[in-house]
Amino acid sequence: MTILQTHDLKKQYGSGETAVHALAGIDLSVEKGEFVAVVGTSGSGKSTLLHMLGGLDRPTSGSVTVDGRDIFSLKDEELTIFRRRKIGFVFQNYNLVPVLNVYENIVLPIQLDGRAIDKAHIDSIIETLGLQTKLSNLPNNLSGGQQQRVAIARALASKPAIILADEPTGNLDSRTSQDVLSLMKVSGQKYAQTIVMITHNEEIAQLADRIVRIEDGRIVSGRQTHTASASGSVSGGQTARRAGTAEERQV
Ligand SMILES: Nc1ncnc2c1ncn2[C@@H]1O[C@H](COP(=O)(O)OP(=O)(O)OP(=O)(O)O)[C@@H](O)[C@H]1O
Ligand SMILES: [Mg+2]
1 MTILQTHDLK KQYGSGETAV HALAGIDLSV EKGEFVAVVG TSGSGKSTLL
51 HMLGGLDRPT SGSVTVDGRD IFSLKDEELT IFRRRKIGFV FQNYNLVPVL
101 NVYENIVLPI QLDGRAIDKA HIDSIIETLG LQTKLSNLPN NLSGGQQQRV
151 AIARALASKP AIILADEPTG NLDSRTSQDV LSLMKVSGQK YAQTIVMITH
201 NEEIAQLADR IVRIEDGRIV SGRQTHTASA SGSVSGGQTA RRAGTAEERQ
251 V
């Protein structure tokens, strides 16, 4: 069953000579329960695509269908509720709420939705991510890697049907990256979650069911499930290595 689908998705920033065609017609479909890695050079449009998939920003044209619903036909308020119920988003720059402590950040989406907190579930995420001693810290008292782990905990806390993660391991050492990845995979299997993850890490990409490669706002391989590109390599690490850390790429 297809849970996520885009049709000729385009996003242009600016206009005239300075226009940037961040997405130049993306057709992508993702099956329920699938774990998809998105790779591509810096500036190729990966984050823009993920934001559109999560309904965080509206496209210039084209559509995104989530669980049979054309999400951009929803009004802003409806879209916000839909997103909160269905999607867990790990942002490239974390987007933690600075005035809330770690625990409050993690449970915020659940509370905003008026749902009960599954304490055992939250405790197990916190423990796996090694955040037990940081729960009362404010985000700006944490390292980049710790903030990233809080962002991951927040995305998993509400057991969303779809997890959209923008380089969730970009700031983590290789062992913690492996822990995060196995946490996401276990969670994915337990709750039948669909995962779309941007990564520059070749080893992590290889663990996905499928690798979607983006160049200049277009998918160049891995558009559909079970295409030959799933076995394609990550260009000998060229994509990954050139781009540096998440912070470096953002400047
Ligand atoms: N808000 C914006 N306004 C103008 N241009 C933007 C905006 N956001 C992204 N872009 C441009 O759109 C293109 C795609 O950006 P995007 O952030 O999607 O790349 P990316 O593949 O996620 O890169 P990275 O690996 O560095 O995170 C880039 O040329 C970028 O400069
Ligand atoms: Mg990005």
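Numbering (my numbering), first residue to last: 1 to 251.
By construction, the Cβ of each residue, glycine as well, lies at the ideal position given by its N, Cα and C atoms.
Everything numeric in this text was worked out from a predicted model, so none of it was measured.
If I measure Cβ to Cβ from residue i and keep anything under 7 angstroms in the same chain, skipping five residues before and after, which residues do I get?
i    : result
I152 : V90, L129, P168, V180
L138 : P98, N101
I117 : V107, I110
Q147 : Y94, L96, P139
E17  : none
Excluding five sequence neighbours on each side, which residues of the same chain lie with their C-beta closer than 6 angstroms to the C-beta of residue i?
i    : result
A19  : Q12
Q178 : none
V61  : The amino acid at residue 61 is misidentified as Val; the sequence shows Ser. If we look at S61 and ignore the five residues flanking it on each side, its Cβ neighbours are K10.
T133 : none
Y191 : K159
Compute the minimum distance between the beta carbon of residue i and the heavy atoms of ligand 2, and state whether it is under 7 angstroms.
i    : result
D118 : no
K46  : yes
D166 : yes
Where does the unbroken alpha helix (DSSP H) through residue i begin, and where does it stop?
i    : result
K119 : 119-128
K185 : 174-190
A205 : 202-206
E34  : Run containing E34: none; DSSP gives neither H nor E here.
Should residue i be listed as close to ligand 1, given that the test is whether its C-beta is under 7 angstroms from any heavy atom?
i   : result
S42 : yes
A22 : yes
Y13 : yes
Please report the Cβ distance between residue i and residue j, rounded to the nearest whole angstrom; I am assuming they are in contact, meaning their Cβ atoms lie under 8 angstroms.
i    : j    : result
A37  : T194 : Their Cβ separation, rounded to whole angstroms, is 13 angstroms, which puts A37 and T194 out of contact at 8 angstroms.
G105 : V150 : According to the sequence displayed, residue 105 carries Asn and not Gly. Yes, they are in contact, since the Cβ atoms of N105 and V150 sit about 6 angstroms apart, within 8 angstroms.
S15  : D216 : Contact flag wrong, Cβ pair sits at about 18 angstroms.
Among residues of its own chain, excluding the 5 on either side of residue i, which ones have a beta-carbon nearer than 8 angstroms to its beta-carbon?
i    : result
F72  : G55, R58, P59, S63, V64, L79
I219 : I26, D27, L28, V212, R213
Where does the unbroken beta strand (DSSP E) through residue i begin, and where does it stop?
i    : result
A24  : 20-31
V220 : 218-221
V196 : 194-198
Please list the segments of the beta strand (DSSP E) lying wholly inside the region 46-95, counting only runs of 3 or more residues, in order along the chain.
Runs found: 61-66, 87-90.
Scan the region 142-171 and note each continuous alpha helix (DSSP H) run of 4 residues or more that stays entirely inside, going in chain order.
144-157, all fully within the region 142-171.
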